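Following my numbering, the numbering of the sequence shown begins with 2 at its first residue and continues without gaps.
Glycine residues also receive a C-beta, built at the ideal position from the N, C-alpha and C atoms.
Predicted model, so just to flag it, every value in this text is computed and none were measured.
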Amino acid sequence: MKAFIIALVVAVALGTLAAMLLNQQQRFAYQAFTTSGTRVSDPAGHSNLVGPHWNGVTPDPEKPSRS
2 MKAFIIALVV
12 AVALGTLAAM
22 LLNQQQRFAY
32 QAFTTSGTRV
42 SDPAGHSNLV
52 GPHWNGVTPD
62 PEKPSRS
């Protein structure tokens, strides 16, 4: 029983340490992948590549007319 409690305490301690470490290393995509060749920027106030009024729903394509 003593070994189980020690293992449980060690697992919680390692999990907490890993969570704190990963939380410090986390960055937004526009910060992490910024180079001279990318177009990733801060999304606040900017429109995306499909336009500012895009709602995420793709309309059904028109059916081809028969001649």
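Which value, in whole angstroms, describes the spacing of the CA atoms of residue i and residue j?
{"i": "lysine 3", "j": "valine 13", "result": "16 Å"}
{"i": "leucine 22", "j": "asparagine 56", "result": "37 Å"}
{"i": "leucine 15", "j": "asparagine 24", "result": "14 Å"}
{"i": "glutamate 10", "j": "alanine 33", "result": "Checking the sequence shown, residue 10 turns out to be valine, not glutamate. When rounded, the distance between both Cα atoms is 34 Å."}
{"i": "leucine 18", "j": "phenylalanine 29", "result": "21 Å"}
{"i": "proline 53", "j": "glutamine 26", "result": "32 Å"}
{"i": "proline 65", "j": "valine 51", "result": "24 Å"}
{"i": "isoleucine 6", "j": "proline 60", "result": "58 Å"}
{"i": "glutamate 63", "j": "alanine 20", "result": "50 Å"}
I need the boundaries of the alpha helix (DSSP H) containing residue i, first residue and last residue.
{"i": "lysine 3", "result": "3–26"}
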